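Note that my numbering has the sequence shown beginning at 16, numbered continuously upward. What follows is a short report on a single structure.
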Amino acid sequence: MKNLVLVGFMGTGKTTVGAALAASLEMKHTDLDDAIVEWEGRSIPEIFTDQGEAYFRDVETKRLAQLLAVGSQVVTTGGGAVLRKQNVEMMLEHGIVIALHATEEELIKRLEKDTGRPLLAGGVATRVKTLMAERAGVYDFAPIQVDTTGKSLSDIVLEIKRQVVERTQDGEQ
């Protein structure tokens, strides 16, 4: 089976959904951010502080290529992984891409509890609104789109599995 690649804005549930999806399909789950932390030997906030976002994005692209080459796994990405055309092309070539979405209000509620996100410095609500505006449409390339707002984890996983099966039966990506 091809890789299943989950993309979406931060807080949409990519890592949580990816782990549950992988378990239900008996596939390996790899979180791109975790793989970067392991490779770099330091946290993402430390990478941003020490080297900057451009360096982080370079590492992200290299690590994504390595992970996608393995095949047959669920790969969850950071929210900004789709900002590089090269990453999008790799995801589409080596996987079935699933974009997770949630309402702005839901994202703010989820992210207010998370202190480890460098791009949210300066106030969660303000940054979420700004980043969502900047990233409008960047996840539209994904052939499978799933709204996670107000849905249970099991319902989200079932919806993804249903859409993946439909696409594979239709001979699509």
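Backbone N, C-alpha and C define an ideal beta-carbon position, used for all residues, glycine too. Just so you know, these numbers come straight off a predicted model, no measurement behind them.
Beta strand (DSSP E) segment containing residue i, residue limits
i: Leu19; result: 18-23
i: Asp46; result: 43-46
i: Thr91; result: 88-91
i: Leu40; result: Premise fails: Leu40 lies in the alpha helix (DSSP H), 29-40, not in any beta strand (DSSP E).
As assigned by DSSP and simplified to three states, the class of residue i
i: Thr163; result: coil
i: Ala157; result: coil
i: Ala117; result: coil
Proximal residues to residue i (C-beta, below 7 Å), its chain only, five neighbours per side dropped
i: Asn102; result: Thr76, Leu79, Ala96
Exposed unless 16 or more other CB atoms sit within 10 angstroms - verdict on residue i
i: Tyr70; result: exposed
i: Gly86; result: exposed
i: Lys100; result: exposed
i: Lys43; result: exposed
i: Gly67; result: exposed
Same chain, Cβ closer than 8 Å to residue i, five either side skipped, listed in chain order
i: Thr164; result: His116, Ala117, Thr118, Glu121
i: Thr31; result: Leu168
Close Cβ partners of residue i (< 6 Å) along its chain, the five nearest in sequence each way excluded
i: Phe156; result: Val103
i: Thr45; result: Leu82, Gln88, Val90
i: Val20; result: Val90, Met106, Gly110, Val112
i: Met16; result: Ser87
Start-to-end residues for the alpha helix (DSSP H) that takes in residue i
i: Ala80; result: 68-85
i: Asp170; result: 168-184
i: Glu149; result: 139-149
i: Ala104; result: One point to set straight first is that residue 104 is Glu, not Ala, in the sequence displayed. Element bounds for Glu104: 100-109.
Distance between beta carbons of residue j and residue i, contact taken as under 8 Å
i: Lys176; j: Ser39; result: 7 Å
i: Leu168; j: Ala35; result: 5 Å
i: Ile171; j: Val161; result: 6 Å
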